[in-house]
Amino acid sequence: MANAKKKRVVIGTHNGTFHCDDVFACFLLKLLPENTNAEIVRTRDAKILKDCDFVVDVGGVYDHSTHRYDHHQPSFNHTLNSLNSKKPFGIKLSSAGLIFTHYGHRIIANQLNKSEDNEDVDLLFDKLYETFVKEIDAIDNGVEMCNETPIYRIHTNISSRVKHLLPSWQENSTDELLFQKFQQAMQMVGDEFLGRLHFYSNDWLPAKRIILNAIKNRFKVDDSGAIIDLSEAKGGLPWKEHLFTIEKELNIENQIKFVIFEDKSWRVQSVPRDKDSFLLRNPLNEQWKGLRDMELSQKSGIDGCVFVHINCFIGGNDTREGCLQMARKSLI
């Protein structure tokens, strides 16, 4: 007897105006291997939605066991933290956040050909929620970025760009046109999400490993343990975020004062007090600020000096050893 034809998975969401959360939720569900060829049905007809395999952003029900993922009902107040106490994120979830909460690890693992319990998968889950999904959740639920009236508003975020894909009020907004625009929005949001995923996997994670290794070897660079050498990496390595995270993980906060790296030429940079601060833990020697070349070498007693910035946050030297000496002579 021939095998019965496998039933096509159906993902239901509401018709009419679409938003970034329902667009992204549908894209994420279609990343699951069993849903690759899933049909998306846009309707508010309860009878049609009842027969869908997944329903997102409509229906008034959140029930993971039956694949219902609406967040509009008065009883819904879930955050990622309330559904997974190991996660710190406290923004109310949209349909996108719900789908990411339940399927994010699996989606990331499938994309990277790793197991779901791989440590990197969990790191990427947190990073993608923090930098991509949380914003969608907050905007859809009307959560402001700050308590005060902002000086300006951002109109080029992913949610705004989805909104700009909606048909003009001057167009004949048929169901067919709306579905076409919905698919266009899915492609845009999906491409950006996957691009972010692969950037974090291919660039962000390797950078963290390099910085972790440099921190572990810092006493080989200098007995103080306050200087790390990132010359293993090419210039442009994004080190600040990782340094603060790793310091906290290793319980060595505020111990690292200077970073040495090579970016076409050798550089020594002071570590800020936090990753977004202009204040420094330990600036380069104040007597060197704004000096260059021979004048700087004579003042510092270090050969090969190139410059020290007027704010003493970064300096240059012809050699690694010269940068190391600049850091050592600046330690407070």
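Per this note's numbering, the very first residue in the sequence shown carries number 21; after that it's consecutive.
Cβ atoms here follow ideal geometry from the backbone N, Cα and C, with glycine treated the same way.
No experiment lies behind these values; they were computed from the predicted model shown.
Query raised in the report: Between which two residues does the beta strand (DSSP E) carrying residue 151 extend?
Result: Unbroken run through residue 151: none, as it is neither H nor E.
Report task. Kindly list the residues whose CB is nearer than 6 Å to the CB of residue 72, restricted to its own chain and excluding five residues on each side of it in sequence; keep chain order. Result -> 30 and 32
Query raised in the report: With distances taken between CB atoms, is the gap from residue 304 to residue 328 smaller than 8 Å?
Result: Contact annotation: residue 304 and residue 328 have beta-carbon atoms nearer than 8 Å.
Query raised in the report: What span of residues does the beta strand (DSSP E) with residue 288 cover, start to end?
Result: 285-290
Requested in this report: Rank 177, 267, 332 and 139 by C-alpha distance to the C-alpha of residue 234 and give the top, closest one.
Outcome: 267
Report task. Would you mind sorting residue 88 into buried or exposed? The rule is 16 or more other CB atoms within 10 Å of its CB. Result -> buried
Report task. Ignore the nearest five residues each way along the sequence and tell me which others in residue 103's own chain have a CB closer than 6 Å to its CB. Result -> 121
Query raised in the report: Counting Cβ pairs closer than 8 Å, one from the stretch 98-116 and one from the stretch 54-70, do we hit at least three?
Result: Taking 8 Å as the limit for Cβ pairs, the verdict is that the stretch 54-70 does not touch the stretch 98-116.
**Report entry** Where residue 268 falls: helix, strand or coil (DSSP)
**Finding:** helix
Query raised in the report: Quick one: what's got a C-beta closer than 8 Å to residue 22's C-beta in the same chain, skipping five residues either side?
Result: Below a pLDDT of 50, predicted positions are generally treated as unreliable, and residue 22, at 45, falls in that range; the measurement from the model is reported next regardless. Excluding positions up to five away in sequence, the list is empty.
Report task. Determine, using beta carbons only, whether residue 201 and residue 186 come nearer to each other than 8 Å. Result -> Their beta carbons are under 8 Å apart, which means residue 201 touches residue 186 by this criterion.
**Report entry** Reference residue 333; option with closest CA among 278, 237, 139 and 324
**Finding:** 278
Requested in this report: Going by DSSP, name the residue or residues bridged to residue 62.
Outcome: 33
Query raised in the report: So what's residue 209 in DSSP terms, helix, strand or just coil?
Result: helix
Report task. Could you pull out every residue in the same chain whose Cβ sits closer than 7 Å to the Cβ of residue 3, ignoring the five residues on either side in sequence? Result -> The structure shown does not extend to residue 3, since the chain is modelled only from 21 through 352, so no value can be given for it.
Requested in this report: For the stretch 277-293 and the stretch 248-262, state whether three or more C-beta atom pairs, one from each stretch, are separated by less than 8 Å.
Outcome: Output reads yes: the stretch 248-262 touches the stretch 277-293.
Query raised in the report: residue 39 to residue 160, Cα distance in whole Å?
Result: Cα-Cα distance, rounded: 8 Å.
**Report entry** Coil, strand or helix - residue 82 by DSSP
**Finding:** strand
Query raised in the report: Where in the stretch 120-174 do unbroken runs of the alpha helix (DSSP H), each at least 4 residues long, occur, reported from the N-terminal end onward?
Result: 139-148 and 154-160
Report task. Kindly indicate which three-state DSSP category residue 325 falls into: helix, strand or coil? Result -> strand
**Report entry** Straight-line gap, residue 324 to residue 314 (C-alpha atoms, nearest Å)
**Finding:** Going from the Cα of residue 324 to the Cα of residue 314 covers about 8 Å.
Report task. Determine which residues share a DSSP beta bridge with residue 89 and list them. Result -> 76 and 82
Query raised in the report: For residue 241 versus residue 248, is the C-beta spacing smaller than 8 Å?
Result: yes
Query raised in the report: Any idea what DSSP makes of residue 55, helix, strand or coil?
Result: Residue 55 falls in the helix class under three-state DSSP.
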